[in-house]
Amino acid sequence: MIERGSSHDDEAGNWTLAIRRWLERRLPLDSLLPHRMPYYVGSWVYVFGVVAIAGLAWTIASGVVLAFFGPQWWHISSAGHFVNSLHFWAVQVFFVFMVLHLWGQFFMASWRDGRAATWMVGVVIFAVCVVTAFTGYVSQQNFDGQWIAVNAKDATNAAGIGAFFNVLNFGQMYGLHVMIFPILVTVLVALHVVQVRMRGVVKPIDPAGSAQQSAEASK
Amino acid sequence: MSGAASSQESYYAGVRMVRYDLVKEAVLALLGTAILVVVLAAAFSSPDDPSVTIQSWAHNDPVDFVTTAVSELSGQSDTAGYGQPYNDTAGAAQAVGPIQPAVWAGVSTPIDPAQDFVLKPLALASAGNPTLTAALQTYEQASSTQQGTWLDAYTKALADATVAGGQVVVATGTYGPLPTLMGNLLGVARTGGLDSLLLNSGHFFQTDFTRPLLFMGDGSYLSNLAAAAHLTGDQWGMMNETGSYPGQTWLWLFTFWYQVPPFSTAANADLAVIILMIVLTALLALVPLIPVLRDIPRWVPVHRLIWRTYYRRRDA
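Here the protein sequences line up with chains A and B, keeping their order. For the first sequence, counting from 1, position 205 maps to 205 in the working numbering; every step adds exactly one. Plus 219 on top of the position in the second sequence (first one is 1) and you've got the working numbering.
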């Protein structure tokens, strides 16, 4: 039988226990999945973020189907073309709501009270998503893909990026688009959501008694 | 009580908390966006104009094809004088002051346009074609001065070229083996053979289209098609898409700079715009740390609209 209790000396230096306790302290379930929120979270602006994540989910789901059948499939199959259309419009929905979310959070100054890192990760997500979408556009294997690649090479080459990020190399762009960047975006979005849940939503600008409360919150 | 939960509890002290179902909201968002995406996909489909091939270029605009191939031989094409990462053409790489990342990165994808786009494919296609083999020998054994004389004369003649029976016809002149070389290159291209020969690297599987895309990009055919589809740089370029589709609208700011001076006329516009966008993106990320920028939301009363219930209650 495993002994549940253990002395303090036994626990010292236990990495597993240290990580578990850190997670329990920093990421308690009642913060990750709260069932109560401040009453001012009753604005549509708060919906933009979750709709953006839903758009990302459908982008990834449709992308998985496209990747499964290969890059030629959607050019020669009506079913494939429809899945590509789902992918295309899911991306548009994702970006529209991500930008709405970004500007909504900007005008709410959501970086206040110790939330600067959350904002910064959000901006990084936007930048990485732009590059992710770009690799998709040059991987289309149609006229758009050709023309965008031929033009974009001048910007990437001028910036020196072209030495290791060759937009004319379909294999490299496709691999980045279906594997590396989706993983990066997903990890960053997960981190962003955890950041949001760790601190909760920010208070309105200039709340009643804000000076004292902000000072206390930033301690 | 755990750290994060207790800090949230103290942060929200005095704030009325109400019931909220995050999971239900996420599920409804998933269902709502699914319906929206399916409706948009069914109603508007998605763009898929067929790719341009070397074959279609040679068929539809043979004079431009041959003119481009001759410019590759003479070293006058865009690729020939591109600089890094394709070659070491002096002064070709864009720079902003001492910043010249292309030069620092060096030649990572060596391209010799004359050899890679014209002479090597012709050599591969010359098997069983003694006329072409002899023409290639004549060209390669000629002095560079002689080659230049032939190329200059042929380039000038191509300005008034016509097409007859699928072949490019120029006025009679002293062009050496060039008409034979170009006639064969055009013939191979029209069969679709050059599409494959430009991809040839000694490996069976190919996924790198650098050479055929650079060759096509040196011509006017691809850019003329793009201009007709409103896709060129001065038409907001690659944020557009064929047809009436939204394209990469999120690149609007990046593309915007190319439309306005000094970028619209600058030789180093690509690098300048990239640097500007990196700076702007960094500023956006660092807004929380930058006085004035971080105060804008306080001055612009959009937050009063977002939290109107809160302010109404507070100001009551």
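C-beta atoms are modelled at their ideal positions from N, C-alpha and C, and glycine is treated no differently.
Query raised in the report: If we ignore side chains and look at the alpha-carbon of each, how far apart do residue 264/B and residue 89/A end up?
Result: Taking the first residue of the second sequence as 1, we reach residue 264/B at position 45. Taking the first residue of the first sequence as 1, we reach residue 89/A at position 89. About 9 Å.
Query raised in the report: Beta-carbon of residue 182/A versus every beta-carbon of chain B: anything under 7 Å?
Result: Position 182 of the first sequence, counting from 1, holds the residue named residue 182/A. No, its Cβ sits nowhere closer than 7 Å to a Cβ of chain B.
Report task. Return no unless some Cβ of chain B is closer than 7 Å to the Cβ of residue 77/A. Result -> Here the question's residue 77/A lines up with position 77 in the first sequence. With its beta carbon at least 7 Å from every one in chain B, residue 77/A lies outside the interface.
Report task. For residue 205/A, decide whether its Cβ has a neighbour in chain B, counting only Cβ atoms nearer than 7 Å. Result -> The sequence position of residue 205/A within the first sequence is 205, counting from 1. By this cut-off, residue 205/A is an interface position.
Query - Supposed contact pair residue 330/B and residue 305/B - C-beta distance, whole angstroms, cut 8 Å - result: Translated into the one-based positions of the second sequence, residue 305/B becomes position 86. Translated into the one-based positions of the second sequence, residue 330/B becomes position 111. At roughly 4 Å, the Cβ-Cβ gap stays under 8 Å, so residue 305/B and residue 330/B are in contact.
**Report entry** Beta-carbon gap between residue 131/A and residue 153/A smaller than 7 Å
**Finding:** Residue 131/A sits at position 131 when you count from the first residue of the first sequence. Residue 153/A sits at position 153 when you count from the first residue of the first sequence. It is not a contact, given that the beta carbons lie outside the stated cut-off.
Query - Boundaries of the alpha helix (DSSP H) in which residue 64/A is found, first to last residue - result: Within the first sequence, numbered from 1, the residue matching residue 64/A stands at position 64. Where residue 64/A is concerned, the enclosing alpha helix (DSSP H) stretches over 45-69.
Query raised in the report: How far does the beta strand (DSSP E) with residue 498/B in it reach, from first residue to last?
Result: As a position in the second sequence, residue 498/B is number 279, starting the count at 1. Taken as a continuous stretch (DSSP letters only), residue 498/B belongs to no beta strand (DSSP E), being part of the alpha helix (DSSP H) at 488-504.
Query raised in the report: Relative to the C-alpha of residue 97/A, which residue among 34/A, 113/A, 45/A and 87/A is closest?
Result: Counted from its first residue, the first sequence places residue 97/A at position 97. Here the closest residue by C-alpha is 45/A.
**Report entry** chain B contact for residue 139/A (CB, 7 Å cutoff)
**Finding:** Within the first sequence, the letter at position 139 stands for residue 139/A. No, because no Cβ of chain B sits closer than 7 Å to the Cβ of residue 139/A.
Requested in this report: Closer than 9 Å, Cβ to Cβ, to anything on chain A: give me those residues from the segment 254-280 of chain B, in chain order.
Outcome: Of all residues in the segment 254-280 of chain B, only 255, 256, 257, 258, 259, 260, 261, 263, 264, 265, 266, 267, 268, 269, 270 and 271 come within less than 9 Å of chain A when Cβ atoms are compared, listed by chain position.
Query raised in the report: Whole-angstrom Cβ separation of residue 63/A and residue 87/A, contact assumed at under 8 Å?
Result: As a position in the first sequence, residue 63/A is number 63, starting the count at 1. As a position in the first sequence, residue 87/A is number 87, starting the count at 1. At roughly 6 Å, the Cβ-Cβ gap stays under 8 Å, so residue 63/A and residue 87/A are in contact.
Report task. Please report the Cβ distance between residue 282/B and residue 387/B, rounded to the nearest whole angstrom; I am assuming they are in contact, meaning their Cβ atoms lie under 8 Å. Result -> The sequence position of residue 282/B within the second sequence is 63, counting from 1. The sequence position of residue 387/B within the second sequence is 168, counting from 1. Distance from residue 282/B to residue 387/B at the Cβ level is roughly 6 Å; contact confirmed, criterion being Cβ atoms closer than 8 Å.
Query raised in the report: For residue 359/B, which residues in chain A fall below 7 Å Cβ to Cβ?
Result: As a first step, residue 359/B must be located in the second sequence, where it is residue number 140. Within chain A, no residue comes near residue 359/B; the closest Cβ sits about 28 Å away, beyond 7 Å.
Query - Beta bridge counterpart(s) of residue 386/B as assigned by DSSP - result: In the second sequence, counting from the first residue as 1, residue 386/B sits at position 167. Looking at the DSSP output, residue 386/B sits in a beta bridge with 383/B.
Query raised in the report: Does the beta carbon of residue 215/A sit closer than 7 Å to a beta carbon anywhere in chain B?
Result: Here residue 215/A refers to the residue found at position 215 when the first sequence is read from its first residue. Any reading at residue 215/A must be qualified, since the residue scores a pLDDT of 41, below 50, and its modelled position is unreliable; the value itself is stated next. Chain B, which has no Cβ nearer than 7 Å to the Cβ of residue 215/A, makes this no.
Query raised in the report: Assuming residue 495/B and residue 400/B make a contact with CB atoms under 8 Å, what is their CB distance in whole Å?
Result: Here residue 495/B refers to the residue found at position 276 when the second sequence is read from its first residue. Here residue 400/B refers to the residue found at position 181 when the second sequence is read from its first residue. In this structure residue 495/B does not touch residue 400/B by the C-beta definition: roughly 45 Å separates them, more than the 8 Å allowed.
**Report entry** residue 393/B to residue 450/B span [Cα, whole Å]
**Finding:** In the second sequence, the residue the question calls residue 393/B occupies position 174. In the second sequence, the residue the question calls residue 450/B occupies position 231. Straight-line measurement puts the Cα of residue 450/B at about 40 Å from the Cα of residue 393/B.
Query raised in the report: Is the shortest distance between the beta-carbon of residue 321/B and the beta-carbons of chain A less than 7 Å?
Result: Along the second sequence, read from residue 1 onward, the residue named residue 321/B stands at position 102. Chain A contact via Cβ: present.
Query raised in the report: Considering residue 237/B, what are the terminal residues of the beta strand (DSSP E) in which it resides?
Result: If you number the second sequence from 1, residue 237/B lands on position 18. Looking at the DSSP string, the run of the beta strand (DSSP E) that includes residue 237/B is 236-238.
**Report entry** Partners in chain A for residue 197/B, counting only beta-carbon separations shorter than 9 Å
**Finding:** Residue coverage of chain B in this structure runs from 220 to 535, which leaves residue 197/B outside it and unanswerable.
Query raised in the report: Taking Cβ positions only, does residue 155/A come closer than 7 Å to chain B?
Result: Position 155 of the first sequence holds residue 155/A. The beta carbon of residue 155/A sits closer than 7 Å to some beta carbon of chain B.
Query - Spatially closest choice to residue 490/B from 22/A, 199/A, 162/A and 191/A, by CA coordinates - result: Walking along the second sequence from the start, residue 490/B turns up at place 271. With distances taken between Cα atoms, residue 490/B lies closest to 162/A.
Report task. Using alpha carbons as the reference points, say which of 469/B, 479/B, 503/B and 336/B lies closest to residue 438/B. Result -> Residue mapping note: residue 438/B aligns to position 219 of the second sequence, counting from 1. Ranking 469/B, 479/B, 503/B and 336/B by Cα distance to residue 438/B puts 336/B first.
Query raised in the report: Where does residue 531/B sit, in a helix, a strand or coil, going by DSSP?
Result: Counted from its first residue, the second sequence places residue 531/B at position 312. Of the three classes helix, strand and coil, the one that applies to residue 531/B here is helix, per DSSP.
Query - Proximal chain B residues relative to residue 108/A, where beta-carbon distance stays under 9 Å - result: Locating residue 108/A in the first sequence gives position 108, where the first residue counts as 1. Contacts between residue 108/A and chain B, judged by CB atoms closer than 9 Å, involve 516, 521, 522, 525 and 526 in chain order.
Query raised in the report: How is residue 173/A classed by DSSP in three states: helix, strand or coil?
Result: Counting from 1 along the first sequence, the entry for residue 173/A is found at position 173. Three-state DSSP puts residue 173/A in a helix.
Query raised in the report: Where does residue 112/A fall in DSSP's three states?
Result: As a position in the first sequence, residue 112/A is number 112, starting the count at 1. DSSP places residue 112/A in the coil class of the three-state scheme, outside both helix and strand.
Query - Min CB distance residue 73/A to chain B below 7 Å - result: Numbered from 1 along the first sequence, position 73 holds the residue referred to as residue 73/A. So no, residue 73/A is outside the interface.
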